[in-house]
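To start, the structure itself, in C-alpha cells.
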Amino acid sequence: MGKKIIISVINDLVTDQRVKKVCSTLQEMGFELLLVGRKLPESLPLERPYEVKRMKLIFKRGPFFYAEFNFRLFILLLFTKADCLHSNDLDTLLPNFLVSRIKGIPLVYDSHEYFTEVPEIQNKPIVKKIWSGLEEWIFPKLKTVITVNESIAQLFEKKYGKKPLVIRNLPELMNSTTTLTLEEIGLNPDLDWVVIQGAGLNIDRGAEEAVLAMQYLSNIGLMVIGGGDVLPHLHRLVDQYHLREKVVFIPKMEYSRLLQYTGLAKIGLSLDKDTNINYRYSLPNKIFDYILSGVPILATDLIEIRRVVYGFEVGELLPHLSPQLLADRIRTMIENQNKWNEYRNNTSRAKQKLCWEQEGKLILKQVYSNLKF
50 MGKKIIISVI NDLVTDQRVK KVCSTLQEMG FELLLVGRKL PESLPLERPY EVKRMKLIFK
110 RGPFFYAEFN FRLFILLLFT KADCLHSNDL DTLLPNFLVS RIKGIPLVYD SHEYFTEVPE
170 IQNKPIVKKI WSGLEEWIFP KLKTVITVNE SIAQLFEKKY GKKPLVIRNL PELMNSTTTL
230 TLEEIGLNPD LDWVVIQGAG LNIDRGAEEA VLAMQYLSNI GLMVIGGGDV LPHLHRLVDQ
290 YHLREKVVFI PKMEYSRLLQ YTGLAKIGLS LDKDTNINYR YSLPNKIFDY ILSGVPILAT
350 DLIEIRRVVY GFEVGELLPH LSPQLLADRI RTMIENQNKW NEYRNNTSRA KQKLCWEQEG
410 KLILKQVYSN LKF
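Structure representation (C-alpha cells):
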C-alpha cells in the first residue's frame, strides 16, 4: 500500500460529493485512505472502495456536539497511523492541525466556504468569536490550503496574505441521461416542473420565495429536493397557501439518482440572497448539477454564479428576488421555447469544461505530488 491519508469531515459523508471526488482522485494516485465523518440515525448506507469511519455521537448540534466531535477526532487522528491529514472546513481543523504538529506530518486544509461568515453564527457573537479566533491562530501557519472559488480565495488572501489554490466543486463528467419519468416518481406529468435542491436548504437561500412563487403559476410545479433548516417553514407555507398539488418535497438521495430527478425539471433554481459574505461569494453545487443534467438555470445575481451562467449562457439571473418576479421569470423562460432550447444546448458544451476531470483532479494531483512526506 502507498502512503496513508486520513480525510476528515463533520457531515455524514453520503451527500458530500466534493469529499467523494477528492477521495477517488487520491485513491487513483495510489494512496491508502481513511475517511472519517459521522453517522446520524437517518444516515443513508455508505459503500466506498476505501476505509470509512462514521462516528455515532451523543450530541447532535450545538457546542457540545462540536466539542465531542473534535475531541473524538483528535483521539482517532493521534492513535491512527497516517502519513498526511486532509481537513475539510474549519470545524475539523483544530484536531488535524494539532496532530499534524505532534506527528510532524503534512496537513492539507480544504475550506468549502468562508466559514466565519456563515449566517448560522452571525447572531451568535461568542460562537463567531471562537471560530474566528481559531482560524486566525491556525490559518497563517498552514502551508497547503484549498478553497472552492476565486472570490473566497481573495478574501483569505486579503485577511491573511496567503491565497489558497482554487478547486471548484465541479461534478465528474458522467452519463447523466434521465431514465426516470415524472409518473415513476409520482409527479403530475401535466405540469412543467422546476427544481430547487441541496443538502443545506436553509434561511436566506430562496426556498421560501420559490414556494410562494407557485401561487402565481398555473401548470408549473416545484420539486424541493434535499434537506435543511428551512424545510418545516416551507411545509407551513405550502399548507397556508394550499400548494400541496404543486410543491413536492423529496428527501436527499444518492447522487446519481438525484441527477435523474434533476434532469426531469425544466428549470433549476439557485436563489441564495446577498445577506452575508458567505452567500455573496457562494458558488452552490446545484449550479453544476443543473448543467450536468442539461437543465437551464434561473438564479440570483451573485458574482461567482454570474461568471458561470452568463459565461456559458446556460440561463438567466434575477435583478432581485421576490415571489412575483420569480414566477414571472419562470413562466417567461418556459414559454420562450427557442431560448430555453438554446440554454439547454449550451449546458452540453459547458459540462465538458466545468467538470472535475478538467480542474479538480489536475490541481489536487499537483498539490499532493508536491507534498513532502
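In this text, residue positions in the sequence shown follow my numbering: the first is 50, and each later residue adds one.
The beta carbon of each residue, even a glycine, is placed where N, CA and C say it ideally should be.
By the neighbour-count criterion, in which 16 or more other beta carbons inside 10 Å mark a residue as buried, S305 falls on the exposed side.
Judged by beta-carbon spacing, T349 lies within the 8 Å limit of K322, meaning their Cβ atoms are closer than that value.
The Cβ atoms of Y158 and Y330 lie no closer than 8 Å to each other. One Cα belongs to Q401, the other to G360, and the distance between them is close to 14 Å. Note on P345: 16 or more other CB atoms within 10 angstroms of its CB, so buried under the neighbour-count rule. Look at the beta carbons and you see the segment 292-309 touching the segment 63-72: at least three pairs across the two are nearer than 8 Å. Under the 8 Å Cβ criterion, the segment 195-213 does not count as touching the segment 372-392, having fewer than three qualifying pairs.
Boundaries of the alpha helix (DSSP H) around T381: 372-384. When rounded, the separation of the alpha-carbon atoms in K190 and L156 is 11 Å. When C-alpha distances from V58 are compared across E169, L75, N137, V101, the shortest belongs to N137. Residue nearest to L231 within the set F128, Q76, L313 is L313 (criterion: CA-CA distance). Per DSSP, reduced to three states, the secondary structure at A131 is coil, with no helix or strand assignment.
Under the DSSP assignment, R87 falls in the beta strand (DSSP E) whose first and last residues are 81-87.
Taken in chain order, the complete beta strand (DSSP E) segments of 3 residues or longer contained in the segment 138-211 are 156-160, 193-196.
The alpha helix (DSSP H) runs of length 4 or more contained entirely in the segment 386-415 are, from start to end of the chain, 386-402. Beta-bridge analysis with DSSP links I336 to no other residue.
With three or more CB-CB distances shorter than 8 Å, the segment 266-286 counts as touching the segment 230-248.
For E257, the enclosing alpha helix (DSSP H) has its first and last residue at 256-262. K410 is the residue among S200, K410, F422, K414 whose C-alpha sits nearest the C-alpha of P220. The continuous alpha helix (DSSP H) containing G360 extends over residues 352-361. Within the segment 94-130, the runs of alpha helix (DSSP H) at least 4 residues long that lie entirely inside it are, in chain order, 111-127. Taking 8 Å as the cut-off, the Cβ atoms of T228 and Q309 count as close. Per DSSP, reduced to three states, the secondary structure at E294 is coil, with no helix or strand assignment.
Out of Y115, Y99, I299, the CA that lies nearest to the CA of L106 is found in Y115.
For S136, the pairing in a beta bridge is given by DSSP as S57, Y158.
For V287, there is no enclosing beta strand (DSSP E); the residue is found in the alpha helix (DSSP H) stretching over 280-289. If you check the CB distance, L122 and V176 do not come in under 8 Å. In the DSSP assignment, the residues bridged to S319 are A348. With fewer than 16 other Cβ atoms from the protein chains shown falling within 10 Å of its own Cβ, W186 counts as exposed.
DSSP lists G247 as the beta-bridge partner residues of G275. In the three-state scheme derived from DSSP, where H, G and I count as helix and E and B as strand, E303 is classed as coil.
A distance below 8 Å between beta-carbons, with the five flanking residues on each side excluded, links L139 to the following residues of its chain, in chain order: S160, F164, T165, W180, L183, E184.
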